[in-house]
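In what follows, a structure is listed as structure tokens, so that the remarks can point back to it.
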Amino acid sequence: MTTTSQSPYQSEYHAAVSSPQLFWQQQAAKLNWYKAPNGILQQTDDYHYQWFSDGVLNTAYLALDSHIEQGRGEQTALIYDSPVTNTKQQFTYRELRDDVARFAGVLKALGVGRGDRVVIYMPMIPQAAIAMLAVARLGAVHSVVFGGFSAHELALRIDDAQPKVVVSASCGIEISKLIAYKPLLDDALVKAQHKPDYCVIYQRPQLQAAMQSGRDLDWQQAMAKAESAPCVPVKATDPLYILYTSGTTGKPKGVVRDNGGHAVALNYSMQAVYNCKPGDVFWAASDVGWVVGHSYIVYGPLIAGCTSVLYEGKPVFTPDAGAFWRLCAEYKVNTLFAAPTAFRAIRKEDPQAQLQRYDLSALRAIFVAGERLDPATYQWVHEQLGKPVIDHWWQTETGWPIAANPAGLELMTAKPGSSTVPVPGFNVRILDDSGKVLRANEQGYIALKLPLPPGCLSTIWGNDERFVAGYLDTFPGYYASGDGGYIDEDGYLFVMGRTDDVINVAGHRLSTGEMEQIVANHPAVAECCVIGIHEPIKGQQPLALLLLKNGITVDETILEAELVAMVREEIGALACFKKAIVVKRLPKTRSGKILRKLLRQIADGASYTVPSTIDDPASVAEVAQYMAAKGLINQP
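With UniProt numbering, letter number 574 in the sequence shown gets 574, and the count goes up by one each step, no holes.
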């Protein structure tokens, strides 16, 4: 093994597993609480645990005010860089705190208080982070919805979270077009049963949105007359935010994150995993609509006293494939965090990585997560940059890394395809179908032994039964991650992919079940199956296999275009749904279950065994021929 029993990582990991209460009490002591916790870990029933239950704090205070009190008010807290608008802006901790306090005053005047929900539907602009922190300042609960989602998806989240206020902007900006957010919001509010009291709209210069009298407020005008609001102390177990993630049923799951465990875990991870200290420049090239944006654009870097970069652009075409390197050089970025799909896009446009004109001497490491880092991409990034490339694995549900190469403890020898070792606090096991722990190199279900460390989800918003059934009932005493993989003889974890029907498109987890519901609504479609197939840039993209209704004759090109439009309308362009083929039969078991895993194996060009339970063995070869004819089978 790369480390010994006395290594820094092993010592830390052993301390977290053997004495979790003492370990996390020590980590909690590094934060500035209003009332430091005495009760570190409490089990409330067979499934639920609470961290720091008697502690009192405020997350926005930890992220901003606390640093000002410690004399770092003039340090840069947030860098905004927007090549799509040719805009750059920097905020000191004091300036950001003042804007957050003033917007908290706007929300307070609209009746937002402790425990109330606020939905935020915004592009990658500073006002998105300001809104998040302002909600936290009031002890309220935010739910950020990615700006690429459709009115239908936004309406689902509004109905579930039931916000008092929605905060949005007039538009988002893509490489070559504006996306008008306000009409999408207006449509969502027509579709939604729940109606918020107010909407606050940030009017961008590129597009002025029409406002509805009595409901809509102009952000700039409201800020001009607002009074600053103080931080509201909350219990550590009070919710900080709801973040929706795709479920296999198509109904979004609202992951609930508490205040106390979240702050402690993120502060610890910034040091132990990312090797960052106050004053370092940290750039997570993600979006505030995703968990990475929550944890490592807004909260983690600011709680740790770092400078965070907020980027409104793409890895390529804004303006070129050197965009990432330009930012790293210009802002002396120490740590870069991005999804593999970003580096695959850069590699496609600039395979030789023309880095000569960029000074990357400040860059210490590149962290990659959001989907499996394939060995080819790992090797390319490592060879081109000559820096450590750290694959790490975590989920929306956990909020911070489960497994990583812990750069702040010790940098281990990397193994391409592995996210290295479990992070201290996570007790990772590989289980078989019966819940038995498997030996080294045996593939099975990746599970986390309870209790989960601080910072992980506490429940599903408004649906604790779904939380228990979805994560805790499968293997009693464990959290079921939904991923499969193995741990090798050196303790390295290899995550091989999802065990359910959620696919990963450019780091975005999307439900194939939801897509199937949409596709099945087409009047020509009798039955369908959506699977994820390999795509060299985005990792996966959806493919629909269709059975037509008897007597129906359609032009397949027109049908495909209609289905693409339907999925785009209901889910959004980020689903990347572009391919649908008509087949005569779908491989099924005798009980009628479509053999999705078999279809994925065919598409991946992998070897497969036709199960004995299949109803019609000939259907397998038939579907394989259809897929091959369309060029949809990956060559291994």
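Positions of the beta carbon are idealized from the N, C-alpha and C atoms, including for glycine.
In the assembly as shown, Gln540 is a buried residue. Its beta-carbon has 16 or more other beta-carbons within 10 Å. A direct Cα-Cα distance of roughly 25 Å separates Gln43 from Asn32.
Going by C-alpha positions, Gln601 is about 6 Å away from Tyr608.
Around Leu450, the same chain offers Gly477 as residues with beta carbons nearer than 6 Å, after the five sequence neighbours per side are excluded. Thr413 carries a coil assignment under DSSP once its states are collapsed to helix, strand and coil. Contact check for Asn275 against Ala407 passes: the beta carbons are separated by less than 8 Å. Per DSSP, reduced to three states, the secondary structure at Asp464 is helical.
Per DSSP, Lys549 lies in no alpha helix (DSSP H) segment and is marked neither H nor E. One thing to note: Val17 has its Cβ within 8 Å of the Cβ of Asn427.
The region 196 to 203 and the region 115 to 134 touch, with three or more beta-carbon pairs separated by less than 8 Å.
Look at Pro233 here: in three-state DSSP terms it is coil, with no helix or strand label.
Between Val495 and Gly484, the alpha-carbon positions lie close to 6 Å from each other. Here Thr76 is not near Tyr299, since their CB atoms are 8 Å or more apart. In the structure shown, Asp280 adopts coil according to DSSP, grouped into three states. Across the structure, Leu547 and Val525 are spaced so that their CA atoms are roughly 6 Å apart. The Cβ atoms of Thr499 and Pro542 do not sit closer than 8 Å to each other.
Following the DSSP letters along the chain, one finds Ser361 in no beta strand (DSSP E), marked with neither H nor E.
Taking 8 Å as the upper bound for CB-CB distance, Pro233 and Ile173 are not in contact here, some 38 Å apart. Note: Tyr80 is bridge-paired with Gln89 and Leu310 in the DSSP secondary-structure output. Within the DSSP bridge table, the entry for Asp350 names no partner. Under DSSP, the beta-bridge partners assigned to Thr245 are Lys253.
Annotation: the continuous alpha helix (DSSP H) that includes Met515 extends over Thr512 to Ala520.
Residue pairing by DSSP places Val525 opposite Leu548 in a beta bridge. For the pair of segments examined, the region 301 to 309 was found not to touch the region 154 to 162: the number of CB pairs separated by less than 8 Å stays below three.
Between the region 359 to 368 and the region 321 to 339 there are three or more inter-stretch CB-CB distances shorter than 8 Å, so the stretches are counted as touching. Val255 sits close to Leu457, with the two beta carbons spaced by under 8 Å.
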